[in-house]
Each structure stands twice: as C-alpha cells, then as structure tokens.
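Colleague:
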Amino acid sequence: MIFQRHDLVFSDWKNIDTSLIHNENFKQLIIQNKLPGIVRREEIEATTGENYYTENEKVFIGFVHPYTENGQRLRFGSFIMGNKITKLISPFEVSNFDYEPRTPSLKALTEVREKFKIGVWGSASLEIVTELPYTHDKSDLDLIVKNYPHDELIDLLSTCNELESWMGIKIDVEITLKNGYGINLKEYATETDTLLGKGLRDVILIKRKCIEAYL
Numbered sequence: 001m002i003f004q005r006h007d008l009v010f011s012d013w014k015n016i017d018t019s020l021i022h023n024e025n026f027k028q029l030i031i032q033n034k035l036p037g038i039v040r041r042e043e044i045e046a047t048t049g050e051n052y053y054t055e056n057e058k059v060f061i062g063f064v065h066p067y068t069e070n071g072q073r074l075r076f077g078s079f080i081m082g083n084k085i086t087k088l089i090s091p092f093e094v095s096n097f098d099y100e101p102r103t104p105s106l107k108a109l110t111e112v113r114e115k116f117k118i119g120v121w122g123s124a125s126l127e128i129v130t131e132l133p134y135t136h137d138k139s140d141l142d143l144i145v146k147n148y149p150h151d152e153l154i155d156l157l158s159t160c161n162e163l164e165s166w167m168g169i170k171i172d173v174e175i176t177l178k179n180g181y182g183i184n185l186k187e188y189a190t191e192t193d194t195l196l197g198k199g200l201r202d203v204i205l206i207k208r209k210c211i212e213a214y215l
C-alpha cells in the first residue's frame with residue numbers, strides 16, 4: 001500500500017499522542033476512530049523519496065475538527081507508521097460515494113462529477129466520508145484530476161468557473177502530474193513561465209515548457 005497527498009487513512013488512533021489537543025470533543029472523535037487522517041507533507045521533519053509514503057515509513061497525517069471554534073477550524077498534525085494503517089480511501093473513490101448535497105460545495109460536486117472524472121478532497125471529502133457537517137454555505141470545493149489532456153482541462157475550468165458564479169463559492173482543482181506533483185488548474189491556464197508544484201515531500205517550481213510532458 002502507498003499513501004499519497006489528500007488520501008484519507010484509518011487506523012486505531014488510540015496509539016497516537018493526542019495530549020496537545022485541548023478541545024475534548026475533537027480529541028474524543030479521534031480516539032474513537034470517527035475521523036480519518038489526511039495524508040500530508042511534513043514541514044518540520046522533511047523526508048526524501050518519491051511523492052508517496054510506503055508501509056515501511058512514517059506517514060504524516062492531519063486531523064480536522066468538523067466544528068468551528070471562534071470561527072476557526074481546529075487542526076492537529078501527527079504521524080503513524082504505514083504498516084499500522086488499516087484502510088485507505090483516495091479522493092477518486094470519495095467522489096463516487098453517495099452523499100446529501102446539502103451545501104453549495106456539495107451541490108457543485110454533484111454537477112461536476114456528472115461530466116468529469118474527478119477526485120474530491122478537503123471539507124467536502126471529509127463530510128462525505130464521516131457524515132459530519134464539515135461544509136457550510138461558503139465552503140470551497142477542492143477537486144483533483146489526473147491524466148487529462150489540455151483541452152479537457154480547459155473544459156473543466158470553464159465548468160468550474162460557471163459553477164463558482166452560480167453557487168457563490170470558490171472551486172480549486174489540482175492537476176496531479178505524472179511526477180507526483182500537483183499544480184493548480186487556474187494557474188495552469190495562465191501564461192506564467194513557471195508553476196508551483198506541490199509534492200508530498202517538498203514544493204518546487206516547474207517550468208511551463210515541461211508541464212505537457214507530465215500531464
């Protein structure tokens with residue numbers, strides 16, 4: 001099993017140190033295994049290797065509280081050994097789940113997935129998997145795609161722009177390149193010389209002339 005950015009993973013979270021979490025409800029949701037860990041890049045303890053984690057190394061994860069506190073969403077970062085992870089759900093699997101489209105971001109997801117093969121991450125993904133109220137009326141919708149030709153990417157961008165205007169929300173699409181880095185679709189559609197590539201272990205600048213080879 002390999003673990004990539006935005007994957008949702010499950011384990012027995014009683015084995016991780018939650019002593020720094022002061023919100024008791026947040027802590028209990030983690031300890032009771034109600035929340036998935038989100039595979040992420042670790043800023044402080046940087047590691048080298050491919051743009052994925054394996055079962056033989058630390059998998060850095062983040063947890064997000066479904067309820068806001070003073071208008072802020074509580075987050076908690078931790079790690080677990082890859083061989084302790086019992087279940088993985090990718091963004092592309094989440095987008096095929098059934099859910100109640102109760103907020104604009106989830107309604108927009110319904111519209112997009114009827115026309116395009118996409119993955120979903122962020123608050124929409126967490127709500128779909130946990131059935132907890134992660135999204136609200138102004139929540140962004142975070143999508144991810146891979147193996148798309150240029151013309152289809154532009155069609156997707158056009159659809160998302162229309163939905164943004166209609167729903168009154170922001171829709172961000174990340175393109176996963178063949179080298180494992182993710183670039184932003186809106187940035188891809190501009191004419192900048194370089195694009196920001198977000199990886200699991202680092203962030204790099206990628207020359208535009210190299211992008212097409214990685215699509």
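Once you know that position 44 of the sequence shown is 44 in UniProt numbering, the rest is easy, because the numbers rise by one and skip nothing. Even for Gly, the Cβ is constructed at its ideal location relative to N, Cα and C.
His6: which of Phe26, Ile61, Glu45 and Trp13 sits nearest, CA to CA?
Modeller: The candidate whose alpha carbon is nearest that of His6 is Ile61.
Colleague: Since Tyr181 sits in a beta bridge, which residues does DSSP pair it with?
Modeller: Its beta-bridge partners do not exist; DSSP assigns none.
Colleague: Taking Trp121 and Asp151 to be in contact with their CB atoms under 8 Å, please state how far apart those CB atoms are, rounded to whole angstroms.
Modeller: Trp121 to Asp151, Cβ: 24 Å. No contact.
Colleague: Taking its Cβ as the centre, do 16 or more other Cβ atoms sit within 10 Å of Ser123, making it buried, or is it exposed?
Modeller: Per the 10 Å Cβ criterion, buried.
Colleague: Which residues mark the beginning and the end of the alpha helix (DSSP H) in which residue 216 is found?
Modeller: Since the displayed the chain opens at 1 and closes at 215, residue 216 lies outside it and no answer follows.
Colleague: What's the call for Ser165, buried or exposed, on a 16-neighbour Cβ count within 10 Å?
Modeller: Exposed, since its Cβ has fewer than 16 Cβ neighbours within 10 Å.
Colleague: Which runs of the alpha helix (DSSP H) at least 4 residues long sit entirely within the segment 20-82? Give them in chain order.
Modeller: With a minimum length of 4 residues, the continuous alpha helix (DSSP H) runs that stay inside the segment 20-82 are 24-31.
Colleague: I'd like to check one pair, Ser95 with Phe118: are the Cβ atoms closer than 8 Å?
Modeller: In the sequence as displayed, the identity of residue 118 is Ile instead of Phe. Result yes, Cβ atoms of Ile118 and Ser95 sit closer than 8 Å.
Colleague: For Phe63, is the classification buried or exposed, using 16 other Cβ atoms within 10 angstroms of its Cβ as the cut-off for buried?
Modeller: Result: buried.
Colleague: CB-CB under 7 Å to Gly49, same chain, minus the five flanking residues each way: which ones, in chain order?
Modeller: Closer than 7 Å at the Cβ level, and outside the excluded window around Gly49, lie Arg201.
Colleague: Where does Gly168 land, buried or exposed, given buried means 16+ other C-beta within 10 angstroms?
Modeller: Label assigned to Gly168: exposed.
Colleague: Taking Leu185 and Leu205 to be in contact with their CB atoms under 8 Å, please state how far apart those CB atoms are, rounded to whole angstroms.
Modeller: About 17 Å separates the two Cβ atoms, so there is no contact after all.
Colleague: Gln4 and Val39: beta carbons closer than 8 Å?
Modeller: Result yes, Cβ atoms of Gln4 and Val39 sit closer than 8 Å.
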